[in-house]
Ligand code: PMP
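In the UniProt record's numbering, the protein residues as written are 25 to 454.
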């Protein structure tokens, strides 16, 4: 059944579909952290639709509110609804210190890219600046502004010119840069400082710094402590807007509500999407300090800026995480998973770096010369798939095995999945 669906998809679907040919799976049903394919095979899902399903596939607590809302009405724009006001209040409740109590939310559209566009506008409106500082390895989305701040050319192709006033600074990556954590942070901050002081590359007047507190697509690159605070200081000293892109790293993924909570650093604006729609409804938001609320009605538009079903789902998902203490669970389970990976890395020089926080974990593989080895990761992924574990990849060279399981993954299922992953690593790197 899966093969028939895949063949049909290949025949009729766009060639832009990014489907890994060697992972033939057609989804039929998802529950919690498992999915069943069209042939009745069950998989443990360590991918969760790119980190969307934090409360698990088709979480019944969330769906109850979805059904209730859908029976009443599905769509409006900015008209007040209980669903909208509830979510704004809920987001304030979990906002980082520094935003909490002074947090505004703009819903611009369904995707993360929409939220990034809103954050770019906010940066420009509020500073009068025109330039943006982003980071190498960063990923921010598929619209023109979001592609401009994304660094990897793979995601932009020949689609240029984009925004011309963007400069990409180095992101601290101690392993790849062969630096100590302190050196990597200093190096990145010195570059950002230099760009702000003496802008180059067409960047006349910096409006904002946009950064993922942990890079997702870039390979779960986890900057050492000090980086975010350093950016905060530079932004404060130079009246530049600091934007954290928490689209992949937020809403409990790292065992804190926001990855930046680990460092206790608040941004001026923050983007959220993916898990915000609860069980996969498309919903995004830009949260920002009320001091930035200088724009007027209609300055940011979007037909779907009030998707009530998505909003209901989002509020319920946050409640579910609170009621089940899933932040603590994500921290514990993350330690367990990283522990298993570290054991596997012991004496195995192909598994060269393990990093991340909570259930946002990357394992970087290299060849015998220490160069990125994407083929090894593909082989590990394939081995896992054949044995019922879905795990994804990341990084510019595709050489990072990426773990983004639902936060509801049980310890028992994690153990079963990690037995397979470790066996895969041993078999493939032997
Ligand atoms: N920012 C980050 C950090 C992301 O991971 C993504 C999606 N992978 C986006 C922005 C873009 O979100 P979307 O695909 O919903 O537009």
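For glycine and all other residues, C-beta sits at the position ideal for the given N, C-alpha and C.
query: C-alpha gap between residue 212 and residue 193, whole angstroms; result: 7 Å
query: Identity of the residue in 102, 164 and 76 nearest residue 295 by Cα; result: 164
query: Pair within 8 Å by beta-carbon distance, residue 240 and residue 272; result: yes
query: In chain order, each beta strand (DSSP E) run of at least 3 residues that lies wholly inside the segment 289-372; result: 293-296 and 309-313
query: Sub-8 Å separation of residue 6 and residue 426 beta-carbons; result: Nothing about residue 6 can be reported from this structure: the residues present for the chain run from 25 to 454 only.
query: 8 Å contact criterion, which residue 68 and residue 58 should meet: CB distance rounded; result: 6 Å
query: C-alpha distance - residue 112 paired with residue 301, whole-angstrom precision; result: 13 Å
query: Residue from 155, 56, 282 and 388 whose Cα sits closest to the Cα of residue 77; result: 56
query: DSSP three-state assignment for residue 440, whether helix, strand or coil; result: helix
query: Same chain, Cβ closer than 7 Å to residue 306, neighbours up to 5 away in sequence not counted; result: 134, 135 and 334
query: Limits of the alpha helix (DSSP H) - the one that residue 269 falls within; result: That residue, residue 269, is in no alpha helix (DSSP H); its beta strand (DSSP E) goes 265-269.
query: contact_flag[the segment 274-294, the segment 344-359] where n(CB pairs < 8 Å) is 3 or more; result: yes
query: Simplified DSSP state of residue 388, which is helix, strand or coil; result: strand
query: Nearest candidate by alpha-carbon position, reference residue 159, set 324, 251 and 121; result: 251
query: At least 3 beta-carbon pairs within less than 8 Å: the segment 182-193 vs the segment 363-380; result: no
query: Which residues DSSP lists as bridging residue 413, in chain order; result: 68
query: Limits of the beta strand (DSSP E) - the one that residue 52 falls within; result: 51-55
query: Exposed unless 16 or more other CB atoms sit within 10 angstroms - verdict on residue 114; result: buried
query: Distance, residue 94 Cα to residue 131 Cα; result: 19 Å
query: DSSP-derived helix/strand/coil call for residue 97; result: coil
query: Nearest neighbour of residue 274, chosen from 308, 98 and 221 [CA to CA]; result: 308
query: Reduced DSSP category for residue 177 - H, G, I as helix; E, B as strand; rest coil; result: helix
query: C-alpha gap between residue 197 and residue 421, whole angstroms; result: 15 Å
query: Beta-carbon gap between residue 292 and residue 324 smaller than 8 Å; result: no
query: Residue from 152, 75, 120 and 86 with nearest C-alpha to residue 418; result: 75
query: Nearest residue (CA-CA) to residue 151, options 254, 167, 263 and 170; result: 263
query: N-terminal and C-terminal residue of the alpha helix (DSSP H) that residue 381 is part of; result: Run containing residue 381: none in the alpha helix (DSSP H); it sits in the beta strand (DSSP E), 375-381.
query: Residue 137 beta carbon near the ligand PMP (any heavy atom closer than 7 Å); result: yes
query: Counterpart residues of residue 230 in DSSP-defined beta bridges; result: 155
query: Buried versus exposed call for residue 27 [16 or more other C-beta atoms within 10 Å across all chains shown]; result: exposed
query: Separation of residue 303 from residue 346, as counted between CA atoms; result: 16 Å
query: Proximity test, residue 240 beta-carbon vs the ligand PMP heavy atom, cut-off 7 Å; result: yes
query: For residue 58: DSSP bridge partner residues; result: 55 and 68
query: Nearest to residue 128 (by Cα), restricted to the options 444, 315 and 102; result: 315
query: Beta-carbon proximity of residue 157 to residue 230, cut-off 8 Å; result: yes
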